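Everything below concerns the one structure shown next.
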Amino acid sequence: MRDRHIAEVLQKAMLMSPPQDQYPGVQVVTRYEAASNEANLGGDFFDVFKIGPQKLALVVGDVSGKGLQAAARTAEVKFTLRAFLKHSRNPAQSLQQVNAILCSSDTDIDGIAAFTCVTLVVLNLQTGAAEVISGGMEPPFVLDAEGNVRVLEAKGFPLGVQAEAAYSVLKTKLRIGDTIVAFTDGVTEARKGYDLFGYDRVGAVAAGNPASAPLDEVGDQLLCAAREFAGGKLQDDACLLLARRVAAPKDVGSPR
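Read in order, the letters of the sequence shown are residues 366 to 621 in the working numbering.
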């Protein structure tokens with residue numbers, strides 16, 4: 366009971382959603398849903414924080430395992446990544462440094478070597494330029510104002526697996542109205558028999574929303590569609606982060 370209470374406190378700290386309009390120039394919505402009451406102490410997490418006057422870090426992660434050890438590992442990954450990103454202009458190098466630390470750690474979860482999958486996006490709030498780095502996570506995608514889906518095929522090893530792993534940056538740009546959607550595999554691996562909800566269905570559900578749809582409704586619909594596909598209950602924890610570029614006050618009236 367004591368371990369469970371500690372794990373619950375740690376998990377809540379990992380899942381504190383920022384106000385949707387906290388950062389001028391971007392709206393951010395996060396969603397988390399546990400697989401069941403018995404499995405609500407997983408290692409899925411998200412994070413949103415400034416790393417410079419005009420740069421915002423968007424993170425979605427999934428630590429292997431459940432319970433107190435997974436929650437502690439989640440805190441280690443989240444705040445170590447924050448520290449490196451705030452002191453480096455190279456997000457890929459920051460992820461590489463976190464990976465090296467995790468690989469040197471002797472932390473196991475239930476006797477099995479722990480690993481962490483992560484998607485990291487660094488967004489310039491003024492220009493819309495984005496740097497995308499993957500650590501073994503499902504690739505995020507961009508949903509544009511016309512309803513088109515553009516997959517961001519960033520690739521990389523999960524953290525804590527290979528100490529020499531190198532991480533590369535995929536560069537893209539968000540226009541006003543574009544939304545970046547990042548998520549853990551609890552969404553794509555929602556299961557109906559042997560059939561998975563899958564990546565294509567996630568994109569199709571997102572694209573089915575009108576451009577004017579509020580961002581929180583898009584997030585709710587994605588989780589709802591995955592849950593309904595699985596017969597009303599997810600088999601694994603699911604985490605979503607959606608960030609839509611909007612016109613900041615000084616951008617109003619500027620060309621798209």
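Idealized CB from N, CA, C, for every residue including glycine. Just so we're clear, the structure is a prediction, and the values are computed from it rather than from any experiment.
Item, Value
"Here's a check: name, in chain order, each residue in its chain whose Cβ is nearer than 7 Å to the Cβ of P383, leaving out the five neighbours to either side.", "V393 and V413"
"So, G390 versus R610, is the Cβ gap smaller than 8 Å?", "yes"
"When the Cα atoms are used, what is the spatial distance from L446 to A613?", "28 Å"
"Kindly list the residues whose CB is nearer than 6 Å to the CB of D624, restricted to its own chain and excluding five residues on each side of it in sequence; keep chain order.", "Residue 624 cannot be examined here, being either before or after the span of the chain that is shown, 366 to 621."
"Under a three-way DSSP split, which group does A555 fall into?", "coil"
"A494 to M366, Cα distance in whole Å?", "46 Å"
"Please identify the residue among G521, A531 and A555 whose C-alpha is closest to the C-alpha of Q462.", "A531"
"Taking just the CA atoms, how far does F594 sit from T553?", "10 Å"
"Let me check understanding here. Comparing Cα to Cα, which of Y388, Y397, Q387 and D386 lies closest to A547?", "Y397"
"Do you know offhand how far A479's Cα is from D409's?", "13 Å"
"Can you list the beta strand (DSSP E) stretches of 3 or more residues lying completely in the region 562 to 619, in chain order?", "603 to 610"
"Can you give the Cα-Cα distance for R515 and C468, rounded to whole angstroms?", "33 Å"
"Tell me the DSSP bridge mates of R396?", "L605"
"Counting C-beta neighbours from all protein chains within 10 Å, is the total for A555 16 or more, i.e. buried, or is it exposed?", "buried"
"If you draw a straight line from the alpha carbon of Q491 to that of E441, how long is it in whole angstroms?", "31 Å"
"Quick check on Y388: buried or exposed, where buried means 16 or more other Cβ atoms within 10 Å of its Cβ?", "buried"
"Examine the Cβ distances between the region 520 to 527 and the region 582 to 600 and report whether three or more of them are shorter than 8 Å.", "no"
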